[in-house]
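A.B. asks:
Residue numbers (my numbering): 8 to 274.
1) Exposed or buried, what is residue 277 when buried is set at 16 or more other beta-carbons lying within 10 Å of its beta-carbon?
2) Check for me: the beta strand (DSSP E) holding residue 131 runs from which residue to which?
3) Across the segment 13 to 27 and the segment 79 to 95, are there enough close Cβ pairs to call them in contact, namely three or more that are closer than 8 Å?
4) Can you give, in chain order, each stretch of the alpha helix (DSSP H) that sits fully within the segment 99 to 170 and has at least 4 residues?
5) Run the CB neighbour count on residue 178, radius 10 Å, all protein chains shown included, and call it buried at 16 or more, exposed below.
6) Following the continuous beta strand (DSSP E) through residue 92, name the residue where it begins and the one where it ends.
7) Helix, strand or coil, according to DSSP, for residue 42 in the structure here?
8) What is the residue span of the alpha helix (DSSP H) that residue 58 lies within?
9) Expressed to the nearest angstrom, what Euclidean distance is found between the alpha-carbon atoms of residue 80 and residue 126?
10) Beta-carbon separation of residue 54 and residue 43 under 8 Å?
11) Please check if any C-beta of chain D sits within less than 8 Å of the C-beta of residue 169.
12) Does DSSP put residue 277 in a helix, a strand or coil?
13) Using a 10 Å radius around the Cβ and a threshold of 16 neighbouring Cβ atoms, would you call residue 173 buried or exposed?
14) Any idea which residues DSSP pairs residue 53 with across the strands?
15) For residue 26, list the residues DSSP reports as bridge partners.
16) Using the Cα positions of residue 133 and residue 234, report the straight-line distance between them to the nearest angstrom.
17) Going straight from the alpha carbon of residue 180 to that of residue 97, what length do you get?
18) Out of 258, 263 and 250, which one is the CA nearest neighbour of residue 121?
19) Assign residue 20 to one of three DSSP states: helix, strand, or coil.
20) Tell me whether residue 192 sits in a helix, a strand or coil according to DSSP, three-state version.
21) Taking residue 152 and residue 99 to be in contact with their CB atoms under 8 Å, please state how far apart those CB atoms are, rounded to whole angstroms.
22) Please state whether DSSP places residue 14 in a helix, a strand or coil.
23) Sorted by chain position, which residues of the same chain lie with C-beta nearer than 7 Å to residue 19's C-beta, five sequence neighbours on each side aside?
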């Protein structure tokens, strides 16, 4: 049985930055390996993508994975673009220390990351110890996502509010958008949202309610991973480019607190 006071999570951090020291050849793979080695020296498990064949993540999410992100393009020399994918961490463990250690290792080889609107952060959450939410829990999270969507929009940085890679769910779902366009008063609209969410009878049905269309995964709260064959996580895609340890811990804490709120208060 899941104890929702404890959650698993992982964070994907997109970064563009200048190396402190330049190497030849000046290729991304060289600097990816350098960062992985710096993490290992600080006793964190890590591996670097050799870029011989593209691999988005390590097999079991048990280490830091330094890889590329196609959306960042090729920045101006000498900057390097990369994505750092964390291992799975527990919210009751010393995860803050792991984040501190990552950024300490980062500073060994890179300058402070650029403040680029191209960069974002994705935070994945799943329950402890099962790593998969049941349908009732996913419904609670989904309704919380809809109910609090205007408030969450207010705390997002401006460039993330209408970003095509993290559109609000009510704007990326045909069904939810149709409800909004009917022009009902707020109370009636929330009741219809509630009925729509809690009348779904499968995870696939809930996923299809919360996001649809060709760019369905480019949504603020991504439910695509909860269906069969997925990792089981709910993914928050609205984080800005993270540039230091404090910012990283704040956004992780927000997402964990929000999911916990949905699981304990919404229903």
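Using N, Cα and C, we set each Cβ at its ideal position, and we do this for glycine too.
C.D. replies: The short version:
1) Here the chain comprises residues numbered 8 to 274, so residue 277 is not present and cannot be evaluated.
2) By one-based count along the chain shown, residue 131 stands at place 124. That run of the beta strand (DSSP E) goes 127 to 134.
3) Judged by Cβ distances under 8 Å, the segment 13 to 27 makes contact with the segment 79 to 95, as three or more pairs qualify.
4) With a minimum length of 4 residues, the continuous alpha helix (DSSP H) runs that stay inside the segment 99 to 170 are 102 to 116, 142 to 154, 156 to 162 and 165 to 168.
5) As a first step, residue 178 is located in the chain shown; it is residue number 171 there, counting from the start. Exposed, because fewer than 16 other Cβ atoms sit within 10 Å of the Cβ of residue 178.
6) Here the question's residue 92 lines up with position 85 in the chain shown. Residue 92 -> beta strand (DSSP E) spans 87 to 92.
7) Here the question's residue 42 lines up with position 35 in the chain shown. Under the three-state reduction of DSSP output, residue 42 falls in the helix class.
8) For the purposes of this step, residue 58 is taken as the residue at position 51 of the chain shown. Where residue 58 is concerned, there is no enclosing alpha helix (DSSP H), given that its DSSP letter is neither H nor E.
9) On the chain shown, residue 80 is found 73 positions in, with the first residue counted as 1. On the chain shown, residue 126 is found 119 positions in, with the first residue counted as 1. Those two C-alpha atoms are separated by around 11 Å.
10) Along the chain shown, read from residue 1 onward, the residue named residue 54 stands at position 47. Along the chain shown, read from residue 1 onward, the residue named residue 43 stands at position 36. Yes. Within cutoff.
11) No chain D appears in the structure shown, which is made up of a single protein chain.
12) With the chain covering only 8 through 274, there is no way to say anything about residue 277.
13) One-based indexing of the chain shown puts residue 173 at position 166. Around the beta-carbon of residue 173, 16 or more other beta-carbon atoms lie within 10 Å, marking it buried.
14) Indexing the chain shown from 1 puts residue 53 at position 46. Beta-bridge annotation (DSSP): residue 53 is paired with 71.
15) What you label residue 26 is simply residue 19 of the chain shown in a count that begins at 1. Paired residues: 117.
16) Locating residue 133 in the chain shown gives position 126, where the first residue counts as 1. Locating residue 234 in the chain shown gives position 227, where the first residue counts as 1. If you take the alpha carbons of residue 133 and residue 234, they lie about 13 Å apart.
17) As a first step, residue 180 must be located in the chain shown, where it is residue number 173. As a first step, residue 97 must be located in the chain shown, where it is residue number 90. Taking the CA atoms as reference points, residue 180 sits about 31 Å from residue 97.
18) The residue you call residue 121 lines up with position 114 of the chain shown. Ranked by how close their Cα comes to the Cα of residue 121, the residues 258, 263 and 250 have 250 in first place.
19) As a position in the chain shown, residue 20 is number 13, starting the count at 1. Looking at residue 20 - three-state DSSP - the assignment turns out to be strand.
20) If you number the chain shown from 1, residue 192 lands on position 185. Residue 192 falls in the coil class under three-state DSSP.
21) If you number the chain shown from 1, residue 152 lands on position 145. If you number the chain shown from 1, residue 99 lands on position 92. Not really, about 24 Å apart at Cβ, beyond 8 Å.
22) For the purposes of this step, residue 14 is taken as residue 7 along the chain shown, with counting starting at 1. Three-state DSSP puts residue 14 in a strand.
23) Translated into the one-based positions of the chain shown, residue 19 becomes position 12. Taking residue 19 as the centre and dropping the five residues before and after it, the same chain places the C-beta of 90, 92, 128 and 129 closer than 7 Å to its C-beta, in chain order.
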